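Trainee: Once you know that position 218 of the sequence shown is 745 in the numbering used here, the rest is easy, because the numbers rise by one and skip nothing.
Just so it is clear, CB atoms sit at the ideal spot from N, CA and C, and this is done for glycine as well.
This structure is a prediction, so every number in the text was calculated from the model and none was measured.
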Amino acid sequence: MLNQESISIADDIWKAILSAKKILLHCHPSPDGDSVGSVLSMYHALTAQSKEVTVIWGDSGATEHFSFLPGYEKIIPKNFFEVDLNEYDVFIAEDSGGLEMISKKGPVIFPDHLKVIVIDHHQTNTKYGSINLVINTSPATAQINYELFTLWNIPITKEIARCLILGLFTDTGGFKYRGVSSRTFEIMSHLVTIEPDFSKIISELENNNEFERVAFMGLALHSIHMFCNKKLAVSIVTHDDLIKNNIPEVATHKQGVANYLKSIRGVEVGVQCTEIDPGLVKMSFRSRDGKKHDVSKLAEILGGGGHVSASATLMKMSLVDAKEKLLKTVVELYPDFC
Ligand SMILES: [Mn+2]
């Protein structure tokens with residue numbers, strides 16, 4: 528349920544939507560189920576209100592992984608800089624904690640005429656919009672969308688339900704992460720009455736893997752390094768490894784390696800470290816207990832962001848330097864590690 532403050536922000540958002548002629552929606556770089564699910568649910572909700580809405584894929588281009596979602600074919604393969612912003616009066620940024628989640632291809636600057644609405648749940652959200660609805664206790668942006676649709680009296684159709692189920696399922700790791708509440712299950716219960724075949728969505732998601740993604744998982748699990756009395760597990764995949772095995776960068780996204788490392792008994796923080804290009808290193812962090820070892824802080828110091836238990840960053844430096852910086856920061860941030 529939304530509190531009073533959120534309800535008043537939600538009212539402002541609704542007014543902005545009602546007066547908008549053309550609305551732009553986007554997926555964040557390396558889009559996950561919550562990004563695509565919340566964006567497409569919003570697309571269906573707004574088009575049902577006869578609004579003209581454009582959805583773009585953003586930096587990463589089309590992600591076939593979500594091809595089973597209703598509305599997938601409506602998403603245009605353009606990034607933020609390839610869109611003529613003069614055509615739009617409202618831009619809704621879903622599940623995007625900062626401007627780098629709009630695009631990493633250049634400095635994101637919004638023209639004055641464009642009303643930017645931020646709907647998000649990231650701990651590190653910088654509230655860069657004209658209206659910001661940021662609820663970091665929500666386990667998924669999809670859950671915030673559900674509350675909004677309910678408040679705005681938008682009927683939840685089968686299409687909307689499918690998109691929201693996907694967002695809720697993926698961002699909560701299958702309803703097991705902190706932040707999942709009785710409200711999440713109330714919402715799921717309602718969505719499942721609308722789409723009883725919800726398990727098909729989950730099955731389509733989990734059995735829709737590309738070969739290269741599974742091959743990447745193999746590489747990543749083959750190179751695990753333990754540090755700090757085995758409390759820190761780091762998987763390191765070099766750019767050479769990727770080239771030799773014909774693995775494209777997109778296959779390294781959202782792979783759950785760090786989560787898997789965190790599952791090792793005694794490991795407090797798991798890190799997936801991928802040299803996606805020489806001089807460009809991507810790191811994903813997962814914490815066993817985000818209250819004890821907050822990885823959103825770790826990611827922030829290293830130039831990224833995210834949640835207390837799950838975060839990420841992109842570092843413009845050599846793999847050797849990135850690794851050194853990681854270890855130095857971990858020791859400073861978590862004194863109990865060494
Ligand atoms: Mn999310």
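Would you check if the distance between the CB atom of Ile656 and the CB atom of Ile644 is smaller than 8 angstroms?
Mentor: Correcting the residue type first, residue 656 is Gly in the shown sequence and not Ile. Yes, the pair counts as a contact, with Cβ atoms nearer than the cut-off.
Trainee: Check whether the Cβ of Thr668 lies closer than 7 angstroms to any heavy atom of ligand 1, and answer yes or no.
Mentor: Yes - ligand 1 has a heavy atom lying nearer than 7 angstroms to the Cβ of Thr668.
Trainee: Would Arg792 be called buried (16 or more neighbouring beta carbons within 10 Å of its own) or exposed?
Mentor: Exposed.
Trainee: With H, G and I counted as helix, E and B as strand and the rest as coil, what does DSSP make of Gln650?
Mentor: It is coil, neither helix nor strand.
Trainee: In terms of residues, what are the limits of the alpha helix (DSSP H) holding Lys671?
Mentor: Reading off the sequence, residue 671 comes out as Ile, not Lys. Taken as a continuous stretch (DSSP letters only), the alpha helix (DSSP H) holding Ile671 covers Thr668 to Leu678.
Trainee: Within this structure, are the beta carbons of Thr574 and Val566 separated by less than 8 angstroms?
Mentor: Going by C-beta atoms, Thr574 is not nearer than 8 angstroms to Val566.
Trainee: Could you check if His553 belongs to the surroundings of ligand 1, using beta carbon to heavy atom distance under 7 angstroms?
Mentor: Result no, Cβ not under 7 angstroms from ligand 1.
Trainee: Contact defined as beta carbons within less than 8 angstroms: I believe His555 pairs with Asp622. What is the distance between those atoms, to the nearest angstrom?
Mentor: Their Cβ separation, rounded to whole angstroms, is 6 angstroms, which keeps His555 and Asp622 in contact under 8 angstroms.
Trainee: Hey, would you say Ala849 sits closer than 8 angstroms to Ala839, going by beta carbons?
Mentor: No.
Trainee: Taking 8 angstroms as the threshold (C-beta atoms), are Asn773 and Leu746 in contact?
Mentor: No, the Cβ-Cβ distance between Leu746 and Asn773 is not below 8 angstroms.
Trainee: Give the secondary structure of Leu573 by DSSP, where H, G and I count as helix, E and B as strand, and everything else as coil.
Mentor: Helix, per DSSP.
Trainee: Can you give me the C-alpha to C-alpha distance between Asn680 and Ala589, rounded to a whole angstrom?
Mentor: Roughly 31 angstroms separates the two Cα atoms.
Trainee: With DSSP collapsed to three states, give me the class of Ala589.
Mentor: Here Ala589 sits in coil by DSSP.
Trainee: Determine the extent of the beta strand (DSSP E) in which Ala760 is found, giving its start and end residues.
Mentor: Here the beta strand (DSSP E) through Ala760 covers Leu759 to Val764.
Trainee: Drop a sphere of 10 angstroms on the beta-carbon of Asp821, count the other beta-carbons inside from all chains shown, and report buried for 16 or more, exposed for fewer.
Mentor: Buried: at least 16 other Cβ atoms inside 10 Å.
Trainee: Between the segment 556 to 565 and the segment 659 to 672, are three or more C-beta pairs nearer than 8 angstroms?
Mentor: The segment 556 to 565 is in contact with the segment 659 to 672.
Trainee: Note down, in chain order, each residue of its chain lying with its Cβ closer than 8 angstroms to the Cβ of Thr856, except the 5 sequence neighbours on either side.
Mentor: Closer than 8 angstroms at the Cβ level, and outside the excluded window around Thr856, lie Leu825, Ile828 and Leu829.
Trainee: What do you get for Gln782, buried or exposed, if any count of 16 or more other CB atoms within 10 angstroms of its CB means buried?
Mentor: Label assigned to Gln782: buried.
Trainee: CB-CB under 6 angstroms to His834, same chain, minus the five flanking residues each way: which ones, in chain order?
Mentor: If we look at His834 and ignore the five residues flanking it on each side, its Cβ neighbours are Gln650 and Ser823.
Trainee: Would you report the Cα separation of Asn652 and His752, rounded to the nearest angstrom?
Mentor: So the alpha carbons of these two residues sit roughly 31 angstroms apart.
Trainee: Using the beta-carbon count (16 or more within 10 Å), is Phe696 buried or exposed?
Mentor: Counting Cβ neighbours within 10 Å, Phe696 comes out buried, since at least 16 surround it.
Trainee: Pick helix, strand or coil for Asp804, following the three-state DSSP scheme.
Mentor: In the structure shown, Asp804 sits in a strand (DSSP, three-state: E or B).
Trainee: Taking the C-alpha atoms as reference points, what is the distance between Leu854 and Ala742?
Mentor: Using only the alpha carbons, I get a separation of about 27 angstroms.
Trainee: Give the secondary structure of Val617 by DSSP, where H, G and I count as helix, E and B as strand, and everything else as coil.
Mentor: Val617 falls in the strand class under three-state DSSP.
Trainee: What is the residue span of the alpha helix (DSSP H) that Asn945 lies within?
Mentor: The structure shown does not extend to residue 945, since the chain is modelled only from 528 to 865, so the question has no answer here.
Trainee: Along the chain, where does the beta strand (DSSP E) that runs through His752 open and close?
Mentor: Start and end: Ile751 to Phe754.
Trainee: Along the chain, where does the beta strand (DSSP E) containing Thr699 start, and where does it finish?
Mentor: Looking at the DSSP string, Thr699 is not in any beta strand (DSSP E), and its letter there is neither H nor E.
Trainee: Give the range of the beta strand (DSSP E) segment to which Glu532 is assigned.
Mentor: Not the beta strand (DSSP E): Glu532 falls in the alpha helix (DSSP H), residues Gln531 to Ser546.
Trainee: Less than 7 angstroms between the CB of Asp698 and some heavy atom of ligand 1, yes or no?
Mentor: Indeed, a heavy atom of ligand 1 lies less than 7 angstroms from the Cβ.
Trainee: Just to confirm, is the Cβ distance from Gly564 to Glu686 under 8 angstroms?
Mentor: Cβ distance not < 8 angstroms, so Gly564 and Glu686 don't count as in contact.
Trainee: Tell me where the alpha helix (DSSP H) around Ala826 begins and ends.
Mentor: Val822 to Ile828 is the span of the alpha helix (DSSP H), which, as asked, contains Ala826.
Trainee: When the Cα of Ser716 is compared with those of Ile536, Leu691 and Val764, which residue comes out closest?
Mentor: The shortest Cα separation from Ser716 among Ile536, Leu691 and Val764 belongs to Leu691.
Trainee: What did DSSP end up calling Ser814 once you bin it into helix, strand or coil?
Mentor: Strand at Ser814.
Trainee: Does the distance between the C-beta of Asp622 and the nearest non-hydrogen atom of ligand 1 fall short of 7 angstroms?
Mentor: Yes, the Cβ of Asp622 comes within 7 angstroms of a heavy atom of ligand 1.
Trainee: Per DSSP, what kind of secondary structure is Ser838 in: helix, strand or coil?
Mentor: Correct three-state label for Ser838: strand.
Trainee: According to the neighbour-count rule (16 or more other Cβ atoms, all chains shown, within 10 Å of its Cβ), is Gly701 buried or exposed?
Mentor: Flag for Gly701 reads exposed.
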